[in-house]
Amino acid sequence: MAARDTSHLSDIAKMKVESDGSFNRLASVFRDFIEPGGKFAPEKNRYHLYVSYACPWATRTLIVRKLKGLEDIIPVTIVSPRMGNSGWPFANVDAFPGADVDPLFNAEHVRDLYLRANPDYDRRFTVPLIWDKANNTIVNNESSEIIRMLNTAFNDMIPADKAALDLYPAEHRAEIDEVNEWIYPEINNGVYRAGFATQQEAYETAVKIVFAGLDKVEKILTGKDYLVSGRLTEADIRLWVTIIRFDPVYVGHFKCNFRTIRDGYPAINAWMKALYWKNPAFKDSTNFDHIKTHYYWSHPQINATRIVPAGPIPHVEPL
């Protein structure tokens, strides 16, 4: 029997937009949780994290994994940033510097993992995802939920100082949720809605929303080190992965060019730089070669030449 054609799910050039030219992101499908006493119990080396340095959603999980000291508990595999017709490839198919071979199945693409977990899977083949070696399936592929698992599920296995770090503290959850609720559509996903729009009106509507969101963030961060409660929370991590990509990618590639972060938003820029230069979890999870190559190479419907820009120089300004 011939293999099922999944190119409409893996080939970004075949991505569907709405009749008005706007882009709407589908919800993630695998939504189980790692939790004590559950089907997916916390155990060392039972779970495997698959990510791309290029992807902002995946980078969220890399940052939290390092902040919580989980490197020895949850191994990670990095895909190549050159996402082609078959989706995200591993290094055995595309040996891009910094990419890995899949150590579990020697898979060629992330797609293979999804179809191994569910042969009838019919959504996009995204990263990040957490694989469970015990049940031989994907636990979760929704980054906002993965970072909450990493925040608490393994606290009994890590040093006390790492366990004490709580990125979603109960006393501030309402405020964190409130900030997340508008930052996601206006900024995190907003840049994609601008960049993937296929009609002028859809683009102009989307890009205005992006900068209105950034204006709100600038007001919040003026005179502050963090978005909520004067401490690092998941709200900072969720926003930061978009902001660090903004000048290198979204200004040019996604046409989000009202202003740059470095020249238009001094409070956001200072916040972004402080996390990058002072907290290794942020800097070590950021690879600009992967980031820029992915966007400019993997979206031929936007950048047909696949030329990757050399700038901005520097990618992140010094403190």
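Heads up, our numbering is the position in the sequence shown plus 128, with the first residue counted as 1. C-beta: ideal position from N, C-alpha, C; glycine also.
Under a 10 Å Cβ-count criterion, Ile275 is classified as buried, with 16 or more other Cβ atoms of the shown protein chains found around its own Cβ.
When C-alpha distances from His237 are compared across Pro217, Thr350 and Arg251, the shortest belongs to Pro217.
A direct Cα-Cα distance of roughly 7 Å separates Lys383 from Ala322.
In the three-state DSSP reduction, Val377 falls in the helix class (H, G or I).
The C-beta of Glu199 has fewer than 16 other C-beta atoms within 10 Å across all chains shown, which makes the residue exposed.
In the three-state DSSP reduction, Ile162 falls in the strand class (E or B). Inter-segment contact for the region 294-303 and the region 268-285 is present: three or more beta-carbon pairs are separated by less than 8 Å. Pairwise C-beta distances place the region 166-183 in contact with the region 248-264, as three or more of them are shorter than 8 Å. Short of 8 Å from the beta carbon of Ala340, and not among the five residues preceding or following it, lie these beta carbons of its own chain, in chain order: Glu314. The beta-carbon distance between Pro209 and Tyr181, rounded to whole angstroms, is 7 Å. This is short enough to meet the 8 Å contact definition. Scanning its chain for C-beta atoms nearer than 7 Å, with the 5 sequence neighbours on each side dropped, one finds around Arg188 the residues Ser271, Ile275, Ile365, Arg366 and Val369, in chain order. For Thr333, the enclosing alpha helix (DSSP H) covers residues Gln328 to Leu349. Cβ neighbours of Met285 within its own chain (closer than 8 Å, five residues either side excluded): Pro170, Lys172 and Ile201. Cα atoms of Lys352 and Gly318: separation of roughly 24 Å, rounded to the nearest angstrom. Taken through DSSP and simplified to helix, strand or coil, Ile286 comes out as coil. By the CB criterion at 8 Å, Phe410 and His443 fall outside the cutoff.
Counting only runs of at least 3 residues, the region 174-220 fully encloses the following beta strand (DSSP E) elements, listed from N- to C-terminal order: 175-179 and 204-206.
Ile274 sits in a helix when the DSSP states are folded into three classes. For Asn397 and Arg359, the gap between their C-alpha atoms comes out near 17 Å.
Each of Pro225, Val207 and Phe224 was checked against the Cα of Asp240, and the nearest Cα belongs to Val207. Burial state of Val345 is buried, judged by a 10 Å Cβ sphere holding 16 or more other Cβ atoms. The C-beta distance from Leu447 to Lys401 rounds to 6 Å, short enough to fall under 8 Å. Counting of Cβ neighbours within 10 angstroms places Asn234 among the exposed residues, the total staying below 16. Following the DSSP letters along the chain, one finds Leu232 in no beta strand (DSSP E), marked with neither H nor E.
Excluding five sequence positions before and after Phe168, the CB atoms of its chain that fall closer than 7 Å to its own CB belong to Asp160, Phe161, Ile162, Asp260 and Val267, given in chain order.
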